[in-house]
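**Student:**
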Amino acid sequence: MGGFKRKKVIFMRARNNQEVVKAVIHFSAYMFVSVVLAVGIYSSFMQASVVEVRQILEKSGKYDHLQMTQVVLTETVDSMYYYAMLINSSDVLINQPAMFTMLSNKSISFNESLTGLHQDDCLNYKKLAGKLGDLIQLKDSIRVANVGLDVLKDEYIRCIEKNKNMRRRLFTGSIY
């Protein structure tokens, strides 16, 4: 059995073999440090980006809520303005006192919904509510003046008719 002998393999080595080995070891060490550093930087970046994304999502949730609140407030102001424009219009089918009651209730609920918001977020809406309140008061004053004017017109017409009847009686001689 022993027909196989191991031959000693002789490798050719460079004259500067030790320097080459040192350079390969240095290269390997630098490569290892570079890879560890790159993985550390990448994982730090990922952790920081997760925190930033979480904060962005929290802020966007707050901003979405604020935007929806402002959309609701804008729709409320629009409807109140529309109803205020219907007051004192020529449309006879509108019950003016009921419209004023409904508008004042809407205005009160609108002002209550503004109290829960931050001052900077609802400053324009508070100004609008104040101006809309002034508009409603002005429209109510106009309505009251129109009612008074109608009463005066009716009284004036009644006086004219009474005056015509009195003249007729005087002319015909039926008044003594």
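With our numbering, letter number 156 in the sequence shown gets 142, and the count goes up by one each step, no holes.
Even glycine gets a Cβ: it sits at the ideal position worked out from N, Cα and C.
The model shown is predicted, which means the values in this text are computed figures rather than measured ones.
Please return the same chain residues whose Cβ sits closer than 6 Å to the Cβ of N74, not counting the five positions on each side in sequence.
**Tutor:** K125, I128 and R129, listed in sequence order.
**Student:** Would you please state the rounded distance, in angstroms, between the beta carbons of F96 and T62? I believe it to be under 8 Å.
**Tutor:** Going by Cβ atoms, the distance from F96 to T62 rounds to 5 Å, so yes, they are a contact pair.
**Student:** Roughly how many whole angstroms lie between the Cα atoms of L121 and Q53?
**Tutor:** Each residue's alpha carbon lies about 27 Å from the other.
**Student:** To the nearest angstrom, how far is the alpha carbon of G159 from that of L138?
**Tutor:** Their backbone Cα atoms lie some 31 Å apart in a straight line.
**Student:** Nearest by alpha-carbon distance to D107: which of V133, A34 and D50 is it?
**Tutor:** It is D50.
**Student:** Just the Cα atoms here: how many angstroms apart are V37 and H104?
**Tutor:** Using only the alpha carbons, I get a separation of about 26 Å.
**Student:** Please classify S65 as buried or exposed, where buried requires at least 16 neighbouring CB atoms within 10 angstroms.
**Tutor:** It counts as exposed.
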